[in-house]
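S.K.: Dumping the structure here so I can ask a few things about it.
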Amino acid sequence: MDFRNIDEGHAEGEEPLVFHYNREDRIKNAPDLVKQYYSGELNRKRGLFRVLVSTKGNRFMLFALVVCFIIIGFVEFFGPSSNVDTVSGISSKLTAFSYEDTIYVSLKLEKAGKKYLEAHKDENGVEVFALVQAYDADNQLLFEDKVNGKYEGKDLFLRTSFTDYDIFSIKAQLAAGGEVKNLSCSVEKH
111 MDFRNIDEGH
121 AEGEEPLVFH
131 YNREDRIKNA
141 PDLVKQYYSG
151 ELNRKRGLFR
161 VLVSTKGNRF
171 MLFALVVCFI
181 IIGFVEFFGP
191 SSNVDTVSGI
201 SSKLTAFSYE
211 DTIYVSLKLE
221 KAGKKYLEAH
231 KDENGVEVFA
241 LVQAYDADNQ
251 LLFEDKVNGK
261 YEGKDLFLRT
271 SFTDYDIFSI
281 KAQLAAGGEV
291 KNLSCSVEKH
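In terms of our numbering, the sequence shown has 126 at position 16, counting the first letter as 1, and numbering is strictly consecutive.
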């Protein structure tokens, strides 16, 4: 369809606008690179990877990105977890999950190793205290509960539950043998 004879771009009773545009006239004063581009003579690299490794600077940037992603992945995978810690030589892990309208929180103190048992063989056990706090998505404290138990070298579970009012995360302050550690985890929704 030929659009040259279509009258548009002006109100009734006015003269239409006249455009004098000639592509060849515009391109004749352009740099050689632009002329080559419009004529199709420009040799362009096709493909994302070829463009990323075409120059020394691009190769360096690609290498830097790859190294950053590897470091972030390594730290994320092998780095410390906020829900696992050791207090007075006792390994502990905080978990929380939602079932129906209740959040169940469990603080597991794992079985002691030989080193811990040898150091505490004359004791009857260690008193363990935990202050468990429930927070919403805005990090506002909703509930808190105190739980305690006696750790005697075997697995010990300190458990509590909260009514689910959009609880998003759980934080616990664990005290055992004069040492205090802070643990936190998000609530797994089921």
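Cβ atoms here follow ideal geometry from the backbone N, Cα and C, with glycine treated the same way.
Would you report the Cα separation of residue 168 and residue 161, rounded to the nearest angstrom?
M.R.: Spanning the two alpha carbons is a distance of roughly 8 Å.
S.K.: With H, G and I counted as helix, E and B as strand and the rest as coil, what does DSSP make of residue 299?
M.R.: Strand, per DSSP.
S.K.: Cutting at 6 Å between CB atoms, please list the residues of its own chain near residue 281, excluding the five before and the five after it.
M.R.: Excluding sequence neighbours, residue 281 sits near 243 and 294.
S.K.: How big is the Cα-Cα spacing for residue 218 and residue 164?
M.R.: Using only the alpha carbons, I get a separation of about 54 Å.
S.K.: Specify the secondary structure class of residue 249 as computed by DSSP and reduced to three states.
M.R.: Coil, per DSSP.
S.K.: Of the choices 200, 176, 149 and 133, whose alpha-carbon is the least far from that of residue 288?
M.R.: Cα-wise, what sits closest to residue 288 is 200.
S.K.: Is the CB-CB distance between residue 308 and residue 259 below 7 Å?
M.R.: As displayed, the chain neither begins before 111 nor continues past 300, which places residue 308 out of reach and without an answer.
S.K.: Give the range of the alpha helix (DSSP H) segment to which residue 138 is assigned.
M.R.: Residues 133-138.
S.K.: Would a C-beta distance cut-off of 7 Å place residue 255 and residue 270 closer than the cut-off?
M.R.: It is a contact, given that the beta carbons lie within the stated cut-off.
S.K.: On the criterion of 16 or more Cβ atoms from any shown chain inside 10 Å, does residue 240 qualify as buried, or is it exposed?
M.R.: Buried, by the Cβ-count rule.
S.K.: To the nearest whole angstrom, what separates the beta carbons of residue 268 and residue 197, a pair I think is in contact under 8 Å?
M.R.: Actually they are not in contact, since the Cβ atoms of residue 268 and residue 197 sit about 12 Å apart, beyond 8 Å.
S.K.: Hey, out of 205, 140 and 263, whose CA is closest to residue 225's CA?
M.R.: Ranking the options by Cα distance to residue 225, first place goes to 263.
S.K.: Would residue 191 be called buried (16 or more neighbouring beta carbons within 10 Å of its own) or exposed?
M.R.: Burial call: exposed.
S.K.: When you compare only the Cα positions, how much space is there between residue 298 and residue 171?
M.R.: If you take the alpha carbons of residue 298 and residue 171, they lie about 38 Å apart.
S.K.: Tell me whether the beta-carbon of residue 214 lies closer than 7 Å to the beta-carbon of residue 300.
M.R.: Not a contact, by the Cβ cut-off of 7 Å.
S.K.: Less than 7 Å separating the beta-carbons of residue 147 and residue 137?
M.R.: Contact: no.
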